[in-house]
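J.:
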Amino acid sequence: MRLIEVLEPGLFTTVQDVGREGYGPLGVSPSGAADAVSLRIGNRLLGNAEGEAGLEMTLLGGTFTFPEGAVLALAGSDLGATLEGKPVEMWTPFEAKSKQVLRFGPTRSGARCYLCVRGGVEVQLFLDSASTHILSGLGGYEGRALKKGDVLTIGLANRNEQKRTGKNACSTGGAGTVGKRRLSARALKELQPRKVLRVTPGPQSDWFSEAAKKIFQESTYRVAEESNRMGIRLQGATIPAPAGGEMISEGVSLGAVQVPEGGQPIILFVEQQTTGGYPKIANVISADFHSLGQLRPRDEIRFERVEWDTARTLLAKQEKLLASEELMREL
Amino acid sequence: METSRGEVARFQYSSDQSLLVYFDEHVEQKKTGGAKAPPGQSRITLRANKNVRRLLRLLELEPVPGVRNLHPAYCSLLIKFDAIGMRHQELEAILRKYLERLEEVRLPEPRRVEIPVCYGGEFGPDLAEVSARRGITQARAIELHSSVEYLVYFLGFVPGFAYLGELPEELVIPRLAAPRKRVPAGSVGIAGNQTGVYPFATPGGWRLLGCTPFKMFRADSDGLSLLSIGDRVRFTPISRERFATLESA
Numbered sequence: 000m001r002l003i004e005v006l007e008p009g010l011f012t013t014v015q016d017v018g019r020e021g022y023g024p025l026g027v028s029p030s031g032a033a034d035a036v037s038l039r040i041g042n043r044l045l046g047n048a049e050g051e052a053g054l055e056m057t058l059l060g061g062t063f064t065f066p067e068g069a070v071l072a073l074a075g076s077d078l079g080a081t082l083e084g085k086p087v088e089m090w091t092p093f094e095a096k097s098k099q100v101l102r103f104g105p106t107r108s109g110a111r112c113y114l115c116v117r118g119g120v121e122v123q124l125f126l127d128s129a130s131t132h133i134l135s136g137l138g139g140y141e142g143r144a145l146k147k148g149d150v151l152t153i154g155l156a157n158r159n160e161q162k163r164t165g166k167n168a169c170s171t172g173g174a175g176t177v178g179k180r181r182l183s184a185r186a187l188k189e190l191q192p193r194k195v196l197r198v199t200p201g202p203q204s205d206w207f208s209e210a211a212k213k214i215f216q217e218s219t220y221r222v223a224e225e226s227n228r229m230g231i232r233l234q235g236a237t238i239p240a241p242a243g244g245e246m247i248s249e250g251v252s253l254g255a256v257q258v259p260e261g262g263q264p265i266i267l268f269v270e271q272q273t274t275g276g277y278p279k280i281a282n283v284i285s286a287d288f289h290s291l292g293q294l295r296p297r298d299e300i301r302f303e304r305v306e307w308d309t310a311r312t313l314l315a316k317q318e319k320l321l322a323s324e325e326l327m328r329e330l
Numbered sequence: 000m001e002t003s004r005g006e007v008a009r010f011q012y013s014s015d016q017s018l019l020v021y022f023d024e025h026v027e028q029k030k031t032g033g034a035k036a037p038p039g040q041s042r043i044t045l046r047a048n049k050n051v052r053r054l055l056r057l058l059e060l061e062p063v064p065g066v067r068n069l070h071p072a073y074c075s076l077l078i079k080f081d082a083i084g085m086r087h088q089e090l091e092a093i094l095r096k097y098l099e100r101l102e103e104v105r106l107p108e109p110r111r112v113e114i115p116v117c118y119g120g121e122f123g124p125d126l127a128e129v130s131a132r133r134g135i136t137q138a139r140a141i142e143l144h145s146s147v148e149y150l151v152y153f154l155g156f157v158p159g160f161a162y163l164g165e166l167p168e169e170l171v172i173p174r175l176a177a178p179r180k181r182v183p184a185g186s187v188g189i190a191g192n193q194t195g196v197y198p199f200a201t202p203g204g205w206r207l208l209g210c211t212p213f214k215m216f217r218a219d220s221d222g223l224s225l226l227s228i229g230d231r232v233r234f235t236p237i238s239r240e241r242f243a244t245l246e247s248a
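If you're matching them up, the sequences are chains G and P in order. Going left to right, the first sequence walks through residues 0 to 330 as numbering that gives the first Met the number 0 numbers them. Going left to right, the second sequence walks through residues 0 to 248 as numbering that gives the first Met the number 0 numbers them.
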């Protein structure tokens, strides 16, 4: 059995896959990787099914060792990884030999880095998913962030091997083989996290005054320290609450920008509550969800209104790129 | 959208991959101190919630391809869908057909669930204040809270959190001005005309009357959530001794 040993967990490291969709009627939110685009690419680089579980590290990465070796890939933000003291390249598979130490430091770019492993991180699934939901302590590895001394199991490499053709295809072997490919420069550029988040109107956007909407659209907001996987709290110009009092709780969408009484917006994120009672002025478009996952405290963001059709076209374009052959370059 | 009996269902885009269906009678735009009620604001009615449960049931029995998740609430249902495979308008057209059939949807017989609660003391740190503010004794507050059969309007917020209503009028009180950072799992709270049980230790702004030894949500059983949408719930007062016995069981 191949393993990952946690020598140091880092600031906040959890097991995440692409989430558990479909349990809204139980009050269970999908959870999953904060930057699912990066996780999916990391898995594809390794020949895994793109929804395999990996480790999501936040702001400050951990230190890991692999008693029987492993084939790995890093995706997302650069946490200055080194293997036995030598820098490791992002977005390309590499091999860690038995007992070699993989060490991460503080972020040099965005908020989250994914450590993907050929075969995926294997944990007991909860409602079809390996994702950790911190607030309820469900899913992932014992429903919590990793601690020093935890030992995780790596799945079987060829279990979910995607069918690939071509002479440079990865072998389905164990830790010994490393596929020769990396994310293309074009894809990296196109998928670069954005600080100008594109939004469509929220279900209560009509409740807000024209002045309130103008403030929302024209102001720069700063990401607050207390942001987490449930919600990204913003600080900046106060958005006047709609007149007329409380609304009735209703289902809320991922990326909804809700405005509580204080007028400082909160973007609902992957571990969001499934229902809520604050009016929502806007909703971040799906094509920009991965950008939310890379926002750090004190980052400055703005919102840009787009049309419904634009939102859909941008998502289709992103998915097309993620599924395309050009995504990766064979080395 | 007219359903039979003349109720109105309306659609609202929620995000580029979700659509809200509201069953409601609009709140009249009334003048309250010069401020207008927000347009399209909903009002909770049992009938609206029944329609939510019917549409949810129908969508569970006959899933629409491309629909990925459903979030029922008091008088609305949020439907998340594959935005590349389907447009809002296309989903709307399908849902209109479903709405025409709501009257024929048979909801399952409601399950009746009894939840034991140890009221007051450290189990219900707000019981004394709620009673004082409502001008009743603590015993009367307990009697009132456990006298009614509540409907599970929906589950939301966190896994297994059931929104129960309606609370007897004498217990209606606003939520805490400042939410607690941590409410213990099993706490039974009230807010407005609702009551509910916190399944996990989470932040929370409801006023706490007691605590149940029951697990509201567990990952290791088939049932997952003790309560389901549409269930009928009663709270039964128990002693501290009984609480300890049930908790260790």
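Here a beta-carbon is modelled for each residue, glycine too, at the ideal position from N, C-alpha and C.
Going along chain P in order, which residues have a C-beta closer than 7 Å to the C-beta of S285 (chain G)?
T.: Those within 7 Å of S285 (chain G) in chain P are D15, Q16 and A82.
J.: Buried or exposed: G148 (chain G), going by 16 or more other Cβ atoms within 10 Å of its Cβ?
T.: Flag for G148 (chain G) reads exposed.
J.: Which two residues bound the contiguous alpha helix (DSSP H) that contains H289 (chain G)?
T.: Where H289 (chain G) is concerned, the enclosing alpha helix (DSSP H) stretches over F288 to L291.
J.: Measure the C-alpha to C-alpha separation of R197 (chain G) and V283 (chain G) and round it to an integer number of angstroms.
T.: Distance between the alpha carbons of R197 (chain G) and V283 (chain G): 6 Å.
J.: Once DSSP output is grouped into helix, strand and coil, what is the label at F156 (chain P)?
T.: Of the three classes helix, strand and coil, the one that applies to F156 (chain P) here is coil, per DSSP.
J.: At 7 Å on the CB atoms, spell out the chain G contacts of T201 (chain P), in chain order.
T.: Near T201 (chain P) (Cβ distances below 7 Å), the residues of chain G are L134.
J.: Roughly how many whole angstroms lie between the Cα atoms of G250 (chain G) and V256 (chain G)?
T.: Their backbone Cα atoms lie some 13 Å apart in a straight line.
J.: Is the beta carbon of V14 (chain G) less than 8 Å from the beta carbon of V100 (chain G)?
T.: No, Cβ-Cβ distance for V14 (chain G) and V100 (chain G) is not below 8 Å.
J.: Going along chain G in order, which residues have a C-beta closer than 9 Å to the C-beta of V157 (chain P)?
T.: Here the neighbours are G26, V27, S28, H132, L134, S135, Q272 and T273.
J.: Show which residues of chain P have a CB atom less than 7 Å away from the CB atom of F125 (chain G).
T.: Under the 7 Å cutoff, chain P gives A218.
J.: Identify, in the order they occur along the chain, each residue of the same chain with its Cβ nearer than 6 Å to the Cβ of I265 (chain G), setting aside the five sequence neighbours on each side.
T.: Once the five neighbours on either side are set aside, the close Cβ partners of I265 (chain G) are G230, R232 and Q257.
J.: Helix, strand or coil for Y97 (chain P), going by three-state DSSP, please let me know.
T.: Three-state result, Y97 (chain P): helix.
J.: Which residues in chain P sit within 8 Å of E202 (chain G), going by Cβ to Cβ distance?
T.: Checking the sequence, you will find Pro at residue 202 (chain G) rather than Glu. Simply Q11, Y12, S13 and L19.
J.: If you run the structure through DSSP and keep just helix, strand and coil, what is T237 (chain G)?
T.: Note: T237 (chain G) maps to coil in three-state DSSP.
J.: How about Y73 (chain P): is its C-beta nearer than 8 Å to some C-beta of chain G?
T.: Answer yes: the Cβ-Cβ gap between Y73 (chain P) and chain G drops below 8 Å somewhere.
J.: What residue range does the alpha helix (DSSP H) around V116 (chain G) cover?
T.: No alpha helix (DSSP H) contains V116 (chain G), which is instead part of the beta strand (DSSP E) from R111 to V116.
J.: Once you ignore the five residues that flank R295 (chain G) on each side, which residues in its own chain have a CB closer than 6 Å to its CB?
T.: Same-chain partners within the cutoff: A110.
J.: Excluding five sequence neighbours on each side, which residues of the same chain lie with their C-beta closer than 6 Å to the C-beta of A168 (chain G)?
T.: Its pLDDT being 38, under 50, A168 (chain G) is placed unreliably by the model, and the measurement read from it follows with that caveat. There are no such residues.
J.: Is it buried or exposed, L106 (chain P), if we count other Cβ atoms within 10 angstroms and call 16 or more buried?
T.: L106 (chain P) is exposed by the Cβ-count criterion.
J.: Give me the chain P residues within the contact set of S248 (chain G), using Cβ-Cβ distance strictly less than 8 Å, ordered along the chain.
T.: Under the 8 Å cutoff, chain P gives A72, Y73, G155 and Y162.
J.: How long is the line joining the alpha carbons of K213 (chain G) and K316 (chain G), rounded to whole angstroms?
T.: Going from the Cα of K213 (chain G) to the Cα of K316 (chain G) covers about 29 Å.
J.: Does DSSP put T152 (chain G) in a helix, a strand or coil?
T.: Reduced to three states, the DSSP call for T152 (chain G) is strand.
J.: Does any CB atom of chain G fall closer than 8 Å to the CB of L76 (chain P)?
T.: Closer than 8 Å: yes.
J.: DSSP puts V100 (chain G) in a beta bridge; with which residues?
T.: According to DSSP, which records beta bridges pairwise, V100 (chain G) is partnered with G:T64.
J.: On a CA-only basis, which of P:I83, P:H70, P:V104 and P:E168 is nearest K319 (chain G)? Give me that one, please.
T.: Selected option, being the one with the closest Cα: P:I83.
J.: Does DSSP classify P8 (chain G) as helix, strand or coil?
T.: Of the three classes helix, strand and coil, the one that applies to P8 (chain G) here is coil, per DSSP.
J.: Using only alpha-carbon positions, find the residue among G:T219, G:E7 and G:T199 that is nearest to A310 (chain G).
T.: Minimum Cα distance to A310 (chain G) is reached at G:T199.
J.: What number of angstroms, rounded off, separates the C-alpha of L94 (chain P) from the C-alpha of E61 (chain P)?
T.: Distance between the alpha carbons of L94 (chain P) and E61 (chain P): 11 Å.
J.: How about G292 (chain G): is its Cβ closer than 7 Å to a heavy atom in the ligand GTP?
T.: Here there are no bound small molecules, and the ligand GTP is not part of this structure.
J.: If you reduce the DSSP assignment to three classes, tell me which class E27 (chain P) lands in.
T.: With a pLDDT of 47 at E27 (chain P), under the threshold of 50, the predicted position of this residue should be treated as unreliable, though the coordinate-derived value follows. Three-state result, E27 (chain P): coil.
J.: Please classify S37 (chain G): does DSSP put it in a helix, a strand, or coil?
T.: Three-state result, S37 (chain G): helix.
J.: Less than 8 Å between CB atoms is the rule here; does T171 (chain G) satisfy it with respect to chain P?
T.: Any answer about T171 (chain G) is weak, because its pLDDT of 39 lies below 50 and its placement is not dependable; what the coordinates show is given next. Chain P contact via Cβ: absent.
J.: Output the distance between the C-alpha atoms of P192 (chain G) and M89 (chain G), rounded to the nearest integer angstrom.
T.: Near 15 Å, if we compare the C-alpha coordinates of M89 (chain G) and P192 (chain G).
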